[in-house]
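Chains A and B, in that order, give the protein sequences.
When you read off a place in the first sequence, starting at 1, and then add 209, the result is the number in the numbering used here.
When you read off a place in the second sequence, starting at 1, and then add 3, the result is the number in the numbering used here.
A short worksheet on the structure shown next.
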Amino acid sequence: MNETLFYLILIVGVLVVMLSIAALLIWYERRMLALWQDRYGPNRVGPFGLVQVLADMVKIFFKEDWIAPFSDKWVFIIAPTFVVIAVLMGFAVVPFAPGLVVADLNIGLLFFLAMSSLGAYSIFLGGLSSNNKYSLIGALRGAAQVISYEVFMGLSLMGVVIMSESFSLVKIVEAQKTIWFVIPQFIGFVIFVIAGFAESHRAPFDLPEAESELIAGFHSEYSGMKFGMFFVGEYLGITLISAMIATLFFGGWLGPSFLPPVVWFFLKTGVFITFFVLVRAALPRPRYDQLMALGWKVLLPLSLLNVLVTGALKLYFAG
Amino acid sequence: MFSILRSIWLTFLHTFHKRFTVQYPEKKPQLPARYRGRIVLTRDPDGQERCVACNLCAAACPTDCISLQAAEDESGRRYPEFFRINFSRCIFCGYCEDACPTYAIQLTPDFELAEYDRQNLVYEKEHLLIDGPGKYHDYSFYKVAGYAIGGKGKGEAEHEDPPIDIHDLKP
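This is how it looks when you write it as structure tokens:
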């Protein structure tokens with residue numbers, strides 16, 4: 210088959226699949242939260258309430274698309290697109306199966322880190338342009354959170370890079386054929402999961418939006434599909450982080466051969482998405498200074514130590 | 004740290020708990036007998052209206068949704084000429100039931116009162132009146148009250164002695 214055509218189809222396929230997963234996650238999260246709170250959740254529209262996704266989308270498209278008259282208009286309008294675009298770009302380097310990757314960059318991991326931190330611009334610009342003090346506080350929190358958690362999110366992955374000797378995600382997956390990196394890199398895994406929660410602004414690290422203190426934080430002034438973009442971006446972020454956890458620590462597409470590799474990949478991703486929802490159902494939001502203290506005083510030294518020990522062991526056994 | 008893991012685990016265990024939701028339109032909830040729902044007017048065991056149109060329910064009603072007009076029949080029994088409850092204003096507080104001296108007005112466990120037309124929520128006496136005695140099966144106000152009506156004179160009620168002649172000195 211023509212190579213360009215293959216990649217075009219692949220790109221469109223990834224876009225469609227990821228956007229529909231993001232839409233489906235709205236329903237999935239509500240059902241799972243309900244399950245853990247001993248309720249049913251949306252179960253009326255269609256089988257298991259699945260058509261609820263469609264109903265929600267129709268609703269959000271017909272909502273009034275209000276642009277705050279006191280806002281910085283153009284920034285206000287384009288801010289929600291950043292998070293969606295950045296996260297969707299991040300999926301370009303995720304290997305779904307052998308050969309099934311949009312761009313097998315030799316710096317794939319760095320590309321992912323860059324894209325996931327670009328999503329923060331959405332929060333920052335959205336909160337800043339809203340001209341609303343709660344939004345501004347939310348934006349400030351978002352920026353500070355991303356800056357501090359970005360540092361050791363990258364550092365926690367260095368252990369993986371050291372062990373696989375590559376930044377390419379395909380190579381990293383292939384390096385896990387003997388043992389999944391979650392076992393030798395357990396500390397790195399834990400730190401990456403925590404940083405991933407902070408990176409995707411999910412509960413318990415949803416301080417930028419913190420409904421109970423900041424109304425809705427950075428997106429207080431947003432309505433209609435602009436708000437929907439933030440929402441889709443958040444769910445895409447969850448999917449991306451889950452996909453990365455599966456890729457970097459749980460062997461990506463690797464698995465017993467009775468299921469095709471793509472299925473293994475999506476199964477693993479699904480498990481981590483469920484874990485994201487479970488943590489949201491279980492944990493309260495920490496205070497802001499607690500979040501910062503945890504980041505700088507505990508997780509950063511721990512990730513540095515992890516890099517140090519992994520590197521030392523690698524050198525010792527190599528030499 | 005431990006408590007965080009513990010609460011995640013405990014939340015996960017809720018996967019296997021029973022769900023509390025009652026799937027309403029298919030499954031009706033089990034309501035207690037004294038649930039405060041739709042208001043009815045009851046009759047005494049002889050099948051006559053209990054309401055004596057004393058207006059106490061209308062006075063007790065915090066939303067003023069009860070209105071009635073007293074009348075008296077040829078035997079001397081008081082009854083409401085009309086009795087109207089506006090359920091679009093009623094808050095189902097049950098004060099009318101508390102105020103009623105004859106157990107006539109009672110609240111029932113029926114809560115399915117939805118209507119498409121607001122005017123349909125105004126219930127007249129013919130909609131409110133039921134055939135039975137409601138929660139109090141044997142109670143009949145005129146049988147225990149000292150008030151004389153046609154067919155029952157002074158002192159003929161239950162647990163009541165004939166009236167004494169107050170001008171007489173004999174014990």
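Using N, Cα and C, we set each Cβ at its ideal position, and we do this for glycine too.
Proximal residues to residue i (C-beta, below 7 Å), its chain only, five neighbours per side dropped
i	result
residue 243(A)	249, 250
residue 282(A)	276
residue 402(A)	454
residue 364(A)	512, 513, 516
residue 165(B)	158
residue 368(A)	394, 397, 515, 516, 519
residue 68(B)	88, 89, 92, 93
residue 53(B)	45, 46, 47, 105, 106, 107, 144
residue 72(B)	83, 84, 85
residue 299(A)	321, 324, 325, 449
Nearest candidate by alpha-carbon position, reference residue i, set the options
i	options	result
residue 229(A)	259(A), 521(A), 454(A)	259(A)
residue 447(A)	218(A), 297(A), 283(A)	297(A)
residue 235(A)	466(A), 443(A), 287(A), 500(A)	443(A)
residue 39(B)	69(B), 147(B), 87(B), 99(B)	99(B)
residue 94(B)	42(B), 162(B), 121(B)	42(B)
residue 462(A)	385(A), 223(A), 350(A)	385(A)
residue 540(A)	218(A), 452(A), 219(A), 232(A)	Nothing about residue 540(A) can be read from this structure; chain A reaches only from 210 to 528.
residue 291(A)	408(A), 263(A), 325(A), 269(A)	325(A)
residue 409(A)	366(A), 389(A), 392(A), 351(A)	351(A)
residue 214(A)	280(A), 299(A), 311(A), 294(A)	311(A)
residue 139(B)	163(B), 112(B), 107(B)	107(B)
residue 222(A)	263(A), 301(A), 458(A), 370(A)	301(A)
residue 509(A)	362(A), 498(A), 457(A)	362(A)
residue 342(A)	429(A), 219(A), 265(A)	429(A)
residue 34(B)	123(B), 111(B), 12(B)	111(B)
residue 96(B)	60(B), 71(B), 150(B)	60(B)
residue 423(A)	452(A), 458(A), 500(A), 336(A)	336(A)
residue 391(A)	460(A), 237(A), 445(A)	460(A)
residue 431(A)	315(A), 269(A), 481(A)	269(A)
residue 284(A)	334(A), 314(A), 318(A)	334(A)
Per-residue burial, residue i [other beta carbons within 10 Å of its own, 16 or more giving buried]
i	result
residue 211(A)	exposed
residue 247(A)	exposed
residue 359(A)	buried
residue 158(B)	exposed
residue 373(A)	buried
residue 415(A)	buried
residue 466(A)	exposed
residue 355(A)	buried
residue 289(A)	buried
residue 449(A)	buried
residue 239(A)	buried
residue 499(A)	exposed
residue 122(B)	exposed
Helix, strand or coil at residue i according to DSSP, with G and I counted as helix
i	result
residue 46(B)	strand
residue 72(B)	strand
residue 340(A)	coil
residue 296(A)	helix
residue 244(A)	helix
residue 515(A)	helix
residue 155(B)	strand
residue 471(A)	helix
residue 304(A)	coil
residue 89(B)	strand
residue 26(B)	coil
residue 139(B)	coil
residue 84(B)	strand
residue 52(B)	strand
residue 16(B)	helix
residue 486(A)	helix
residue 499(A)	helix
residue 394(A)	coil
Own chain residues within Cβ distance below 6 Å of residue i, not counting five before or after
i	result
residue 426(A)	347, 417, 418, 419
residue 399(A)	none
residue 396(A)	515
residue 79(B)	152, 153
residue 322(A)	363
Nonlocal neighbours in the same chain, by C-beta distance under 8 Å from residue i, ignoring five residues either side
i	result
residue 74(B)	56, 81, 82, 83, 84
residue 487(A)	241, 245
residue 413(A)	406, 488, 489, 492, 493, 494, 495
residue 1(B)	The structure shown has nothing for residue 1(B), since chain B only spans 4 to 174.
task = Take every Cβ of the stretch 322–338 of chain A, pair it with every Cβ of the stretch 467–477 of chain A, and state whether three or more of those distances are shorter than 8 Å.
result = no
I'd like to know if the stretch 294–311 of chain A and the stretch 371–391 of chain A are in contact, where contact means that at least 3 CB-CB pairs between them fall below 8 Å.
yes
Would the stretch 13–27 of chain B and the stretch 431–440 of chain A be scored as touching if the rule is three or more Cβ pairs under 8 Å? no
Measuring CB atoms only, is the stretch 57–66 of chain B touching the stretch 119–133 of chain B, in the sense that at least three cross pairs come out at less than 8 Å?
As far as the Cβ criterion goes, the stretch 57–66 of chain B does not touch the stretch 119–133 of chain B, which means the pair count is below three.
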